[in-house]
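To keep things clear, I will list the structure first and then write my remarks on it.
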Amino acid sequence: MELKKFLLIPILMAILAYLLYEPVPDYVQDWHSVAIKNCIGKLCHFIGSALSLTGLWEAPHVQLQRLADLALLTPALPANSSRLTVTEARFADSRALVFRPAGARAGGPGLVWIHGGGWVFGSPDASAGFVTRLAMRINITAVAIEYRRAPEHPFPAAFDDCLAAVRSILANASSVLGVNPHRIMLGGDSAGGQLAASVTQALAKAEDQLTPRLQLLVYPITQLANFRTQSHRESYRSPLLEGSQVARSASMYLTGSIRHWRSVIGNGHASKSVRAAYAERLGESMPPESSHADAALAAKLEKLLIDPRVSPLLTPSIDPLRLPPAYIVACQHDPLRSDAHLYSQRLEKSGVRVYYKYYPCYHGCLTEDKDAKRIVDDMAVFFNSNAML
């Protein structure tokens, strides 16, 4: 009997390892880091799915993943040194991290960064590695801002927080940050890219005196109407992001609940009027819903899915906004690749200058070391050689 118990433990561990392990594709250079993140993510989802059966929590995997991110995956902030200082600040009601390289010029350009994480995860601390590397490479002061996250705070909380924080930063850029308010870039990755694009449009539409000099959008999600784009179909399972994860996050952001994700991923949340607007503004039709059509949900989201605060790609008209140039990064192995491509095309057709960069990489690579190197290198070359900055 004791021998059977002794053998049972390694057998159960082997089964668990088999369920959690997923081979890392050859194009991933930081394979060890990606493998660990995938394993932790799957474990959180596995335990969360079991806990959800109790009915006590709707999405327990969210809290588990946030705890894992905080305890295991978020690196410590860079220590203050003669080369870099990192401080906390508040802009409007949002916490922010300010990164000041020693070589940053007074009155020079600045960067405002909005972190990704599907409006549900992520933080300024989690994006500190990339922000620090870029700020140090081009010697500018950078600010990474925080915002309220879904499902506790669904739309429009994140957008409202980012808009207020960016306006506050632009208004206080000279006095608080020592940077030129007319030379500030606004950027973000993934959901942060959506927020950055939407905030840029909102500032332009409101005809604010101070607006970003450049949009820096890294594998952004630019619309929440069509989850059956070409890249969703081709890269449904990329190393750090699956299509189902995007749908779950979108459901929580749009409705405050994860329950609708199956309708979202099958385009069952998009009404006929949303489909008509999509076709009119992009010149191509959405695929029909594949399953889980939800007429009540589609009616509820009818106006929201084509709201520029949610879907900057589907704004009625870009031409009158006079948007600043956009530097857009897209990755080959990414469910959101089509979003980046379609937005760059629509901006260009509206006369906006676009610098479109395409990499044989994957969504989420910006937080890695080797896989993000070429992206950061290209950004540094662009910024250091571009007179408009």
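Here the sequence shown stands for residues -21 to -1, 1 to 368, numbered as in mature numbering (1 follows the signal peptide of the UniProt record, and there is no 0).
We put the beta carbon where it would ideally sit given N, CA and C, even for glycine.
As the structure is a computational prediction, the values presented were derived from the model and not from experiment.
Three-state class that DSSP yields for Leu276 in the structure shown = Looking at Leu276 - three-state DSSP - the assignment turns out to be helix.
message = Closest to residue 369 by C-alpha separation, out of Gly247, Leu220, Thr208, Val77, would be which residue?
response = Residue numbering for the chain in the displayed model covers -21 to 368; residue 369 lies beyond these limits and cannot be assessed.
message = Once the 5 residues before and after Tyr335 are set aside, which same chain residues still bring their CB inside 6 Å of it?
response = Counting only Cβ-Cβ distances below 6 Å, and skipping sequence neighbours, we find Ile307, Ser323.
ask   = Using CA coordinates, which residue listed in Met358, Asp5, Pro266, Tyr341 is at the minimum distance from Ser169?
value = Looking at the Cα atoms, Tyr341 is the closest of the given residues.
message = What does the Cβ neighbour count give for Ala309, buried or exposed, with the cut at 16 atoms within 10 Å?
response = Classification of Ala309: buried, given that the 10 Å Cβ count is 16 or more.
ask   = Buried or exposed: which applies to Arg84, given that a residue is buried once 16 or more other Cβ atoms fall within 10 Å of its Cβ?
value = Arg84 comes out exposed.
ask   = Between the Cα of Pro267 and the Cα atoms of Leu283, Ser242, Ile93, Arg332, which residue gives the shortest distance?
value = The candidate whose alpha carbon is nearest that of Pro267 is Ser242.
ask   = In the segment 103 to 143, which residue ranges form an unbroken alpha helix (DSSP H) of at least 4 residues, counting only runs that do not cross its ends?
value = Secondary structure remark: continuous alpha helix (DSSP H) runs of at least 4 residues inside the segment 103 to 143, in chain order: 107 to 117.
key: Contained beta strand (DSSP E) runs [length at least 3] in the segment 18 to 91, N- to C-terminal order   = Listed in chain order, they are 63 to 70, 73 to 80.
ask   = Any idea what DSSP makes of Asp187, helix, strand or coil?
value = In the three-state reduction of the DSSP assignment, Asp187 falls in the coil class.
key: Backbone CA spacing between Gly82 and Val65 [nearest angstrom]   = Rounded to whole angstroms, the separation of the alpha carbons of Val65 and Gly82 is 14 Å.
query = Helix, strand or coil: how does DSSP classify Ser253 here?
reply = For the sequence presented, residue 253 should be read as Val rather than Ser. Val253 carries a helical assignment under DSSP once its states are collapsed to helix, strand and coil.
request  = Kindly indicate which residue of Gly86, Pro57, Phe134 has the alpha-carbon position closest to the one of Phe109.
outcome  = Taking only the C-alpha atoms, the option nearest Phe109 is Pro57.
ask   = Looking only at C-alpha atoms, which of Gly262, Arg260, Glu263, Ser230 sits nearest to Gly247?
value = Residue nearest to Gly247 within the set Gly262, Arg260, Glu263, Ser230 is Ser230 (criterion: CA-CA distance).
request  = Ignore the nearest five residues each way along the sequence and tell me which others in Leu52's own chain have a CB closer than 6 Å to its CB.
outcome  = Contacts found: none.
message = At the level of alpha carbons, what is the spacing between Ile237 and Asp348?
response = Within the model, the alpha-carbon separation for Ile237 versus Asp348 is close to 32 Å.
inquiry  = Less than 9 Å between the C-beta atoms of Ile15 and Leu43, yes or no?
reply    = One thing to note: Ile15 has its Cβ no nearer than 9 Å to the Cβ of Leu43.
C-alpha gap between Pro303 and Pro314, whole angstroms = Taking C-alpha positions only, Pro303 is separated from Pro314 by approximately 26 Å.
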